[in-house]
Amino acid sequence: MRYVLLMHYREPAEGEISEGAIAEAIEAFGAYGRALEEAGVLLSADVLQPAAATTTVTRREGVLQVQDGPFAETKEALAGAFVLDVPDLDAAIGWAEKCPGAEWGVIEVRPTATAFVEGRWTR
Amino acid sequence: MDALTSGDGCLAAGPGLCATGPAARAAGMAARDSYGRLLALLSASASDIAAAEDALADAFERALRTWHAHGVPASPDAWLLTVARNRLRDHWKSAQAQRAAPLGDQQDSLIHTDDLDVDAIPDRRLELMLVCAHPAIERGAHTPLMLNTVLGFTAEQVARAFSMPASTMATRLVRAKKRIKAARIPFRVPDRGDLPARMTAVLEAVYGAYVIDWATTGPQARQLPSDALHLAEVLARCVPGDPEAHGLAALVQLSASRAPARLDADGHFVPLPDQDPSLWDSHLIDRAHEHLRAAHARRQLGRFQLEAAIQAVHCARRRAGPTDWPTLLTLHRTLHAIAPSLGSGVALAAVTAEVEGPAAGLATLDALLQDAGQHARRFQPARATRAHLLDRLGRTNEAIPAYDSAIDLTHDTAERQYLQHRRDSASLRSQHRRVP
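Residue numbers (this note's numbering), protein chains in the order written: chain A, 1 to 123; chain B, 1001 to 1436.
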């Protein structure tokens, strides 16, 4: 079953985090990614740029609207997503617990309803 | 057919099952056992409790029709399991036709009823209980889910025990079951590392079936049908090596054993020291002692075992005469040290008063209340204990307002009347003193 681990945390201001701490985080994420791959559960992993780089697009009002900034301004912002294929929620929670982002943020564990695989939507 | 439940609380067959008495109670428990076992098995493969309930209900309905005409099969449970499994398979097939879902381990081969040994049907009720008390399920739903799925009580019956409208409870149960399926919460005993925390949640949920832990008024017994007592027994049977599961079963049974003596013939509350031990249920007390022996054999102390041991000392008055207060004091001290709570602190103060006198008890209580801060002010057991202690110390003028504040916080009618009575006699005494 597919689960998405959504990382949420407060975006640090520029220069707020030391070079050393950044290097440590990169190393931790590297080890985490390798562990996911070795377990054969990783489908994709993306860590996002800060919300300052984001653009929202909608046709909800009938016309195209393109805006800078995130969908919702929140204290803790969406920071990344890991898509996993694991047997059940306990396995997904187990991987969320090991995610480096859990040290300073929150990991939302969300089962996917359906996924586009090999030309069609399946579940 | 006697040993079967329709899952709607009153049992599908045998009208005798709705009667009272030990035989009917035993039959009722056997029926609840069957229901929980079958539902656990049927739910496990797809984490789908709602579909399993539907399939089981269908099987019961067919049983009512066919058994009437063709007689009861040799193994009713096996018959029901087979029919319900076939129902589930049909359900999955139609689901698969809609959306090509992989069925995985759901497709167990069809079991022929005659080959199925009912004693060999695995008991997966522990897995079901772990799902009900899973951290991904809202806490308030843990206990209702257990009563509903493991024992087969209806949403309406559970709602009554939780003093909640039936529709609210039904919605809560449906939502939790949907969540279990959607998030695929596994019917599996977790690894050794995760197990202790998860077992604690299960124990607390089972405890919650019998006791309402009001944040402000302290624990009070829940109004439940007597066969709900069986839940703790089921858990102890599922994890015979867990001393706390035995401790919990003993605690629940010992507390329940005194229920017949809790009210007098006029419906008035009778405090524990004044209860007539011959009214206590000796069968439950004996069973509780078996659990306590099983727990002590594991030599690993825990909160529920200590609470059960305290209840056992109280119940020993049945044989040994006067209550052994020094032993109780030791037990309460240990309990308050390993699992401190407002409740354990107030109980410790009350027992201190019995051993070292009311002044020492009051000092313990006031020290506790000072540390606990504001929310302790609305804790009924603390107010009631303080009133009794002031009364015993002859500080009647302080005892009367203390009784008043305890009375305001008491939900239980019989206990409120009892406190009212104590307050009035204290008030009378103070008037006598004033008028020479």
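Built from N, CA and C at the ideal position, the CB exists for glycine as well. Please read these numbers as outputs of a predicted model, since none were measured by experiment.
Residue interval of the beta strand (DSSP E) (run including A/PHE116) = 115 to 117
Relative to the C-alpha of A/GLY101, which residue among A/GLY15, A/GLU38, A/GLY30, A/ALA115 is closest?
-> A/GLY30
Taking A/ASP85 as part of the beta strand (DSSP E), name the residues at either end of that continuous run.
-> 77 to 85
Quick one: give me the first and last residue of the alpha helix (DSSP H) that A/VAL109 is part of.
-> Taken as a continuous stretch (DSSP letters only), A/VAL109 belongs to no alpha helix (DSSP H), being part of the beta strand (DSSP E) at 106 to 111.
Note down, in chain order, all residues in the region 1065 to 1091 of chain B with a beta-carbon under 7 Å from any beta-carbon belonging to chain A.
-> none
Of the residues A/ALA96, A/THR112, A/ARG123, A/GLU118, which one's Cα is nearest the Cα of A/LEU124?
-> Outside the modelled stretch of chain A, which goes from 1 to 123, sits residue 124 of chain A, for which no answer is possible.
Report the rounded CA-to-CA distance for B/SER1341 versus A/PRO12, giving the unit in angstroms.
-> 40 Å
Is B/THR1413 helix, strand or coil by DSSP?
-> helix
Does DSSP classify A/LEU6 as helix, strand or coil?
-> strand
Selection from B/SER1257, B/ALA1078, B/SER1226 that minimises the alpha carbon distance to B/ALA1026 | B/SER1226
With 8 Å set as the bound, which would you pick, yes or no: does the beta-carbon of A/ILE84 sit closer than that to a beta-carbon of chain B?
-> Reading off the sequence shown, one finds Leu at residue 84 of chain A, where the question assumed Ile. So, not an interface residue.
C-alpha gap between B/VAL1439 and B/LEU1080, whole angstroms = Residue 1439 of chain B falls outside the range modelled here, since chain B spans only 1001 to 1436, and no answer is possible.
Could you confirm whether any beta carbon from chain B is found closer than 8 Å to the beta carbon of A/LEU89?
-> yes
For B/HIS1230, count neighbouring C-beta atoms within 10 Å of its own C-beta (all shown protein chains included) and say buried if the count is 16 or more, exposed if not.
-> buried
Please confirm whether B/ASP1454 and B/ALA1426 have their CB atoms less than 8 Å apart.
-> Limits of chain B in this structure are 1001 at one end and 1436 at the other, which puts residue 1454 of chain B out of reach.
Compare the C-beta of A/MET7 against all C-beta atoms of chain B and say whether one is closer than 8 Å.
-> no
If you measure from the beta carbon of B/ALA1182 to each beta carbon in chain A, is any gap under 8 Å?
-> yes
Of all the CB atoms in chain A, is at least one closer than 8 Å to the CB of B/PRO1186?
-> yes
For the region 96 to 118 of chain A, which residues have a CB atom closer than 9 Å to at least one CB atom of chain B, in sequence order?
-> VAL109, ARG110, PRO111, ALA113, THR114
Contact list for the region 1132 to 1158 of chain B against chain A, Cβ threshold 9 Å | HIS1134, PRO1135, ALA1136
Distance CB(B/ALA1288)-CB(B/LEU1254) smaller than 8 Å | yes
Please list the partners that B/PRO1190 has in chain A, where partner means a Cβ-to-Cβ separation under 7 Å.
-> ASP90
Of the residues B/ARG1422, B/ARG1416, B/GLN1417, B/TYR1418, which one's Cα is nearest the Cα of B/ALA1399?
-> B/ARG1422
For the candidate residues B/ALA1372, B/HIS1314, B/ALA1402, whose alpha-carbon lies nearest to that of B/LEU1331?
-> B/HIS1314
State the Cα-Cα distance for the pair B/LEU1409 and B/PRO1165, rounded to the nearest angstrom.
-> 23 Å
Which term fits B/GLU1415, buried or exposed, when burial requires 16 or more other beta carbons within 10 angstroms of its beta carbon?
-> buried
Could you give the distance in angstroms between the alpha-carbon of B/VAL1270 and the alpha-carbon of B/THR1200?
-> 33 Å
Compute the beta-carbon to beta-carbon distance between B/PHE1060 and B/ARG1124, rounded to the nearest angstrom, for a pair I have assumed lies under 8 Å.
-> With a Cβ gap of about 19 Å, B/PHE1060 and B/ARG1124 do not count as contacting.
Presumed contact (8 Å Cβ cut-off) between B/LEU1292 and B/ALA1250, rounded CB distance = 5 Å
What's the C-alpha gap between B/ALA1265 and B/SER1282?
-> 20 Å
May I have a chain-ordered list of the alpha helix (DSSP H) segments no shorter than 4 residues that lie completely inside the region 1288 to 1315 of chain B?
-> 1303 to 1315
Output yes or no for whether 8 Å exceeds the beta carbon distance between B/VAL1158 and B/LEU1128.
-> no
Ordered along the chain, which non-local residues of its own chain (more than five positions away) have a Cβ less than 7 Å from that of B/PHE1162?
-> PRO1144, MET1169
Could you round the C-beta distance between B/ASP1058 and B/ALA1031 to whole angstroms and report it? I think they count as a contact, below 8 Å.
-> Between B/ALA1031 and B/ASP1058 the Cβ distance is about 18 Å, and since that is not below 8 Å, they are no contact.
Over the uninterrupted beta strand (DSSP E) stretch that includes A/THR122, give me the two end residues.
-> 120 to 122
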